[in-house]
Amino acid sequence: MNPHVSPEFRPIPFIDVAAQRHRLGARIDEAIARVTAHCQFILGPEVAVLEGELATFCGARHAISCASGTDALVLVLMAKGIGPGDAVICPSFTFCATAEVVALLGATPVFADVDEATFNIDPASLERAIAQARRLGLKPRAVIPVDLFGLPADHDAVAAIAAAEKLFILDDAAQSFGATYRGRPLGTFGLATATSFFPAKPLGCYGDGGAILTDDDELAALVTSLRVHGHNADKYDNVRIGLTGRLDTIQAAVLLEKLSIFRDEIVARNEAAARYSNALGNVAIVPRLPRGLASVWAQYTIRLEPGRRDGLAAALKSEGIPTAIYYPKPLHQQEAYAHFPCADGGLAVSERLAQEVISLPMHGYLDEPTQDRIIAAVQRALSR
Ligand SMILES: Cc1ncc(COP(=O)(O)O)c(C=O)c1O
-1 MNPHVSPEFR PIPFIDVAAQ RHRLGARIDE AIARVTAHCQ FILGPEVAVL EGELATFCGA
59 RHAISCASGT DALVLVLMAK GIGPGDAVIC PSFTFCATAE VVALLGATPV FADVDEATFN
119 IDPASLERAI AQARRLGLKP RAVIPVDLFG LPADHDAVAA IAAAEKLFIL DDAAQSFGAT
179 YRGRPLGTFG LATATSFFPA KPLGCYGDGG AILTDDDELA ALVTSLRVHG HNADKYDNVR
239 IGLTGRLDTI QAAVLLEKLS IFRDEIVARN EAAARYSNAL GNVAIVPRLP RGLASVWAQY
299 TIRLEPGRRD GLAAALKSEG IPTAIYYPKP LHQQEAYAHF PCADGGLAVS ERLAQEVISL
359 PMHGYLDEPT QDRIIAAVQR ALSR
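Read in order, the letters of the sequence shown correspond to residues -1 to 382 in the working numbering.
Structure representation (structure tokens):
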């Protein structure tokens, strides 16, 4: 930090990984040093310990760590034999990996719209997407609801539709490990849940990482095999085509330390979100949580009338306050995905949200003075 810059103009980080690093201090150095001492860099003891703790944290029977959130999604789809002719329904307003994994396997992502209040998959549009897939001669096999920005999707509605249509559910909780739906932690909805430990995620490591959570013994055994080249009990006897999809031992050691303070951080994120919402509700559309759902606030995202957010971003930037747009284009409008089908009736909400959303700094170390600086700057810019 530059001591010559007065506090009211000091740049504020969007996500303060350094503050957390400072809090954990020597514990991180020691955790990494233990790995560099025992030298079991691949599937060392920390990996199994972490998997046990992740499973306990969310109440799932199995946690299988892997190399990224994208690998977590693809490993489950590979285990279920998803391929050409299959349709997998995904929301369009999400990060590309949700649909990318479907296309990678030669299957067809079919895009559904989202609910404008929660940004999560709209159950009515999910039904229309399934019908559209059938009309196109595809076999609807699965739905990937996304728990966007840390907030659980409408899991009861998704589960009812999936059961009626005989689809399995792969929950994309890349942004939302630690969130709860009617008191139940994510990780236990549908057949399996995929999460990411990318550094900017609520529970992030110091590189890439991810995990699959499931209660299904057979699926757990399959993804464990697939993440190491499809091996059998003997590692040089391969019985299926897989990948190099393991989590590094060093990342597991880092995550174990971070998991020990994660509950505190979730509380701090919720306090920050509540203060933002109290202060900004009169100048912007602020997020409102459906009853019974708890977010981990991977992002704090407000909505403005179209045309207003560039001005807000510029005004905040001039005061050292970063913002981000998640996401400026829904997937069905991006070049790589535009040829895939959409639910009948179009995806008007996803298209509108892409014009309206803007995210403010959010993390577990946002102290009140810093937050007040952000709030005052947003209020000033939007009252002009
Ligand atoms: C909704 C969603 N799905 C999947 C992923 C993929 O995770 P990773 O970057 O760890 O591969 C991300 C990560 O940004 C994400 O936000």
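Just so it is clear, CB atoms sit at the ideal spot from N, CA and C, and this is done for glycine as well.
Residue environment, residue i, which counts as buried when at least 16 other CB atoms sit within 10 Å
| i | result |
| --- | --- |
| ALA282 | buried |
| VAL100 | buried |
| ILE13 | buried |
| GLY240 | buried |
| TYR179 | buried |
| ARG378 | exposed |
| ILE10 | buried |
| ARG225 | buried |
| PRO138 | buried |
| HIS330 | buried |
| ASP235 | exposed |
| PRO328 | buried |
| GLN446 | Residue 446 cannot be examined here, being either before or after the span of the chain that is shown, -1 to 382. |
| PHE195 | buried |
| ALA171 | buried |
Spatially closest choice to residue i from the options, by CA coordinates
| i | options | result |
| --- | --- | --- |
| LEU71 | GLY309, PRO304, ILE142 | ILE142 |
| ALA16 | ILE239, TYR204, ARG180 | TYR204 |
| PHE91 | ASP145, LEU48, HIS60, GLU44 | ASP145 |
| GLU366 | ALA346, THR116, ARG273 | ARG273 |
| PRO183 | ALA346, LEU224, ILE264 | ILE264 |
| ALA97 | ASP169, PRO121, ALA218 | ASP169 |
| ARG59 | VAL294, VAL112, ALA219, ARG371 | ALA219 |
| PHE338 | LYS327, PHE187, GLU303, VAL108 | VAL108 |
| ALA352 | ARG133, GLU44, LYS199, ILE300 | ILE300 |
| ARG244 | LEU73, PRO89, ARG8 | LEU73 |
| SER357 | ARG307, PRO89, GLU125 | ARG307 |
| ARG238 | GLN249, ALA61, ILE248, THR222 | THR222 |
| ASP214 | ALA311, PRO11, THR186 | THR186 |
| LEU253 | GLU216, LEU52, LYS164, THR34 | LEU52 |
| ALA270 | ILE119, ALA157, PRO43, ILE373 | ILE373 |
| GLU255 | MET76, GLY202, VAL86 | GLY202 |
| ALA334 | ASP84, ASP69, THR106 | THR106 |
| GLN130 | TYR363, GLY344, LEU310 | GLY344 |
| ARG289 | HIS361, THR116, VAL47 | THR116 |
| SER348 | VAL112, GLY50, CYS37, ALA65 | VAL112 |
| ALA266 | ARG371, VAL376, LEU364 | LEU364 |
| ALA77 | MET360, VAL284, THR212 | THR212 |
| LEU291 | PRO359, ASN118, ALA122 | ASN118 |
Opposing strand residues paired with residue i [DSSP bridges]
| i | result |
| --- | --- |
| TYR234 | The partner list for TYR234 (beta bridge, DSSP) is empty, contrary to what the question assumes. |
| LEU291 | TYR179 |
| PHE260 | Answer by DSSP bridge pairing: none, since PHE260 is not bridged. |
| ILE26 | Looking at the DSSP assignment, ILE26 forms no beta bridge with any residue, so it has no partner. |
| ILE210 | ILE62, ALA192 |
| ASP84 | LYS137 |
| LEU345 | None; LEU345 has no bridge partner. |
| CYS340 | PHE109 |
| VAL355 | ARG301 |
| THR242 | VAL226 |
| ASP169 | THR191 |
| PRO89 | ALA110 |
C-beta neighbour in chain D for residue i, strict 8 Å
| i | result |
| --- | --- |
| CYS37 | The structure shown contains no chain D; it holds only a single protein chain. |
Alpha-carbon spacing of residue i relative to residue j, whole angstroms
| i | j | result |
| --- | --- | --- |
| HIS153 | THR193 | 16 Å |
| VAL355 | ARG25 | 38 Å |
| PRO326 | GLN332 | 10 Å |
| SER258 | LYS233 | 33 Å |
| TYR298 | ALA277 | 13 Å |
| ALA155 | SER316 | 44 Å |
| ALA161 | ARG133 | 20 Å |
| PHE175 | GLY148 | 8 Å |
| ALA151 | ALA341 | 18 Å |
| ARG32 | ILE40 | 14 Å |
| CYS88 | PHE166 | 13 Å |
| THR368 | THR321 | 14 Å |
| PRO197 | GLY67 | 12 Å |
| ALA110 | LEU124 | 5 Å |
| GLU216 | LYS164 | 19 Å |
| LEU302 | ARG350 | 11 Å |
| ALA29 | GLY23 | 11 Å |
| GLY207 | LYS199 | 10 Å |
| GLY135 | VAL86 | 13 Å |
| ARG19 | PRO285 | 29 Å |
| SER63 | PRO43 | 13 Å |
| ALA336 | PHE7 | 42 Å |
| LEU380 | PHE55 | 41 Å |
| ALA251 | VAL47 | 9 Å |
Q. Near ligand 1, which residues have their beta-carbon less than 6 Å from any of its heavy atoms, given in chain order?
A. SER66, GLY67, THR68, THR92, PHE93, ALA95, THR96, VAL144, ASP170, ALA172, GLN173, SER194, PHE196, ASP206, GLY208
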